[in-house]
Amino acid sequence: MSKKQELSTEAVGMGRRRFINTAALAGLTTVGLAACNDKAAPSAAPAAPAAPAAGPAAHAGPEVGKYEVAPGQLDDYYSFSSGGHSGEVRIYGLPSGRLFKRIPVFNMDCLVGWGITNESKKILGTKPDGSLKYHTGDTHHVHPSYKDGTYDGRYIFVNDKIHGRLARIRMDTMETDKITELPLVQGFHGVFPDKRDPVDPAINHTTRVFCGGEFGIPLPNDGHDLNKPEAYRSIFTCVDAESMEVRWQVLIDGNCDLVATSYDGKLACTNQYNTENGVHYEDMMSAERDACLFFNVARIEAAVKAGKFKTYGASKVPVVDGSKAANADPKTALTCYVPVAKNPHGVNASPDGKYYACSGKLSPTATLIEHALVLKWFDGELKDPRDTVVAEPEIGLGPLHTGFDGRGNAYTTLFLDSQIVKWNVEAAIKSFKGDKSVNPVVDRIDVQYQPGHGFTSMGETKDADGKFFLSDNKFSKDRFLPVGPLHPETAQLIDISGDKMKLVADHSVYSEPHDSIIIPRSLVRTRQVYDLNDFPNAVKDAKDCRVERKGKKVTIYLTSQAPAFGLREWTVKRGDEVTIILTNLDKVEDLTHGFAIPKYDIQFIVNPQETKSVTFTADKPGVYWCYCTNFCHALHLEMRSRMLVEA
Ligand code: CUK
Ligand code: CUA
Ligand code: CA
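Everything in the sequence shown is counted per the numbering used here, starting at -3 for the first residue and increasing by one.
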């Protein structure tokens, strides 16, 4: 037995935790890459014991039964989670942590045929030869549409960091219905819908989606300017929530990470870790302060209307100047750069609409900015943007993302400390004003390990219910059965309804969710069966199944109805361009059929009353069994047709 195995689990955990802390501290003073150090030498002994975790240690053990969802019982909450570089979005149940669905967004998915069917390819975007424009995606942030400051159950918006795309998912079918590629953007990171109109109070729902461009690039990016970083700029974008067309853009200093919006619709903001506009990491951390950058939506739209914008390259989208230098006068400024602690990560609006919490990452603090004071700055009543800061509590090492409970408390993930810290907003404000008798930090709890995003149930709406906090941890190490070098990640469920946080479940998740939201099940209303009439190309009756030829173009009109397809066989000629339109005539909920053609790389499903199509060139003569892939009936294996491709 190895030495490590002889140690109790607790001791092993402690050793690792200490090591992480030590590496973290070294990281902060050198290059800030603690996680990488830790990965490179996971078994190294701690160089020196770190200070024990602050705050009361006595957390009650998990009361598993209380949070168990018994067989046949339904979860209370949905969690919608980004899938990182898997390019998808996932739906979980909480508190059980059961995975219900993976929604393909920017990725290909051979189960449903996403990226294979004509309909999905049209949404994903194709090259002139009909092949997909991109096969990859990197989803970070998922946020639903709003009405009256809370979710309206219509859409979920999600970003693609790699190719700068915004996708929309319909919440009735839980399918991606539109994707927009943003011009002039590389590394589109944070996304947030507005919560109401900035000028017309009658419009109390989401009409705009704000997108934070992270990487600065030369404008135009035409292959000349590697060594001219001063010419690199990032772009902040507003997309119309209905048409999904880009409305306007703002040229800015610095790189956007997260995006948040105010409850009155007036402001959008983003945290900026690279106000230095550096291209190397040393440059990106050279300044003592970075910024939380606020956008005055009404003023930007007035500037666009007045023609005060530029366009770049082939893009026709108006771009206004939001740079720091051009917006020094508050009375006319479109943007306000509020100085916050070094290299902030994450900005979140509190459910009462009063504050924004922006974490330090390379500073052990969170910066609290008051919404009303930012508006005052724009009115010219405050000189210094820094005067909008009302608290800056010291909360721990590597603070990233913050959730709120609706009772005045904030919960921030501490990446380097591997903890969640609970701090009280009003206490933090008092202490910032000089009242030394209050300690804003109320509680701490260890998580396993290195949390990235953390979020509370309904915490980004005015209906924050203070029940659960979910910690999406980047490292799981010893928490699950080993499955080889790629580890699962942990989503740890914490009960925040009491004074003390209680860890109640470890859920394993496939890499690599960044952000999620937790919604009570009452707010989600799906359709469980499609409507035939929603598909203009539907084959509405098995009698309509046929083969139609126009020159070399052949269309196969096909239906599925357990246990048979509407045609038993059909013939095409070698070299034909074949389109198969398949309608599932079954009406019963859950009766999905699949359709696969061997060697032709065709595979997709059709749900009850749904129609999908595929197009391919019949270039391989022979007989091909077109079979149902989705177990649908006692005669599922017998559910087949033949396609003859004549030589
Ligand atoms: S983020 Cu992923 S953990 Cu800025 Cu998209 Cu923080
Ligand atoms: Cu239809 Cu299996
Ligand atoms: Ca910086």
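A virtual CB, placed ideally from N, CA and C, is assigned to each residue, including glycine.
Since the structure is predicted, the reported quantities are computational estimates derived from the model, not experimental observations.
Could you pull the DSSP bridge partners for residue i from this structure?
i      : result
MET639 : TRP566, TYR620
ARG98  : ARG86
THR373 : According to the sequence provided, residue 373 is Trp. The question's Thr does not apply to it. Note: TRP373 sits in no beta bridge, so no partner.
LEU120 : DSSP, once it has assigned bridges, lists no residue as partnering LEU120.
GLU485 : VAL505
GLY450 : SER467
Whole angstroms is fine: what's the gap from residue i's alpha carbon to residue j's?
i      : j      : result
ASN251 : ALA353 : 18 Å
LYS35  : ASN529 : Because the pLDDT of LYS35 is 36, which lies under 50, any placement of that residue in the model is unreliable, and the question is left without a value.
THR486 : THR409 : 14 Å
GLY392 : ALA424 : 14 Å
ALA264 : PRO478 : 43 Å
LYS262 : GLN415 : 34 Å
LEU107 : SER507 : 19 Å
GLU377 : CYS207 : 29 Å
TRP621 : ASP537 : 23 Å
PHE464 : VAL417 : 14 Å
LEU254 : GLU642 : 56 Å
ASN420 : ARG192 : 28 Å
GLU422 : PRO436 : 8 Å
ARG12  : ASP413 : Bear in mind that a pLDDT of 43 at ARG12, under 50, signals an unreliable position, so the model cannot answer this.
TYR333 : CYS288 : 6 Å
GLY183 : VAL246 : 15 Å
ASP461 : MET454 : 6 Å
PHE305 : GLY93  : 48 Å
GLU6   : TYR445 : Legend: pLDDT at GLU6 = 40, less than 50; position of this residue unreliable, value from coordinates given subsequently. Approximately 14 Å, taken between the alpha carbons.
ALA310 : TYR553 : 41 Å
LEU120 : GLY111 : 7 Å
GLU369 : ASP380 : Here residue 369 is Leu; the residue named in the question, Glu, does not match the sequence. The straight-line gap from Cα to Cα measures roughly 11 Å.
VAL181 : LEU631 : 51 Å
ASP173 : VAL438 : 43 Å
Less than 7 Å separating the Cβ of residue i from some heavy atom of ligand 3?
i      : result
LYS338 : yes
ASN603 : no
ALA283 : yes
ASP286 : yes
THR266 : no
ASN273 : no
TYR228 : no
What is the DSSP secondary structure of residue i, counted as helix, strand or coil?
i      : result
ASN626 : coil
THR5   : For THR5, the predicted model reports a pLDDT of 37, less than 50, meaning its position is unreliable; a value from the coordinates is still stated below. Of the three classes helix, strand and coil, the one that applies to THR5 here is helix, per DSSP.
LEU633 : coil
TYR277 : helix
THR361 : strand
ASN529 : helix
ASP502 : strand
LEU70  : coil
ALA36  : Residue placement at ALA36 is poorly supported in this model, since its pLDDT is 36, which falls under 50; the coordinates still yield a value, given next. Helix, per DSSP.
ASP540 : helix
ASP442 : strand
ASP518 : Correcting the residue type first, residue 518 is Ser in the shown sequence and not Asp. SER518: helix per DSSP, three-state reduction.
Considering only the alpha carbon of each residue, which of the options lies closest to residue i?
i      : options                        : result
LYS473 : LEU289, SER504, GLU388         : SER504
PRO225 : HIS589, ASN270, ASN435         : ASN270
THR625 : PHE561, GLN605, LYS536         : PHE561
LEU587 : THR575, LYS616, GLN557, TYR596 : GLN557
LEU578 : ASN200, ASP72, GLU115          : GLU115
ALA592 : GLU585, GLU606, ILE576         : ILE576
LYS143 : LEU519, VAL293, TYR623         : LEU519
THR384 : GLU390, LYS372, ASP249         : LYS372
THR457 : PRO100, ALA256, LYS583         : ALA256
ILE99  : PRO340, PRO214, LEU499, VAL85  : VAL85
PRO594 : PRO516, VAL619, ALA227         : VAL619
ILE152 : ILE515, ASN267, ASP249, GLU544 : ILE515
PRO214 : HIS185, ILE248, ASN292         : ILE248
ASP582 : TRP566, LYS426, PRO604, LEU499 : PRO604
PHE471 : HIS510, GLY430, TYR228         : HIS510
With hydrogens ignored, establish whether the beta-carbon of residue i is closer than 7 Å to any heavy atom of ligand 1.
i      : result
LEU254 : yes
ASP586 : no
CYS511 : The sequence shown places Asp at residue 511, not Cys. Yes, Cβ of ASP511 sits closer than 7 Å to a heavy atom of ligand 1.
GLY342 : yes
GLY318 : no
GLY68  : no
LEU396 : yes
HIS139 : no
Quick one: does the C-beta of residue i sit closer than 7 Å to a heavy atom of ligand 2?
i      : result
CYS234 : no
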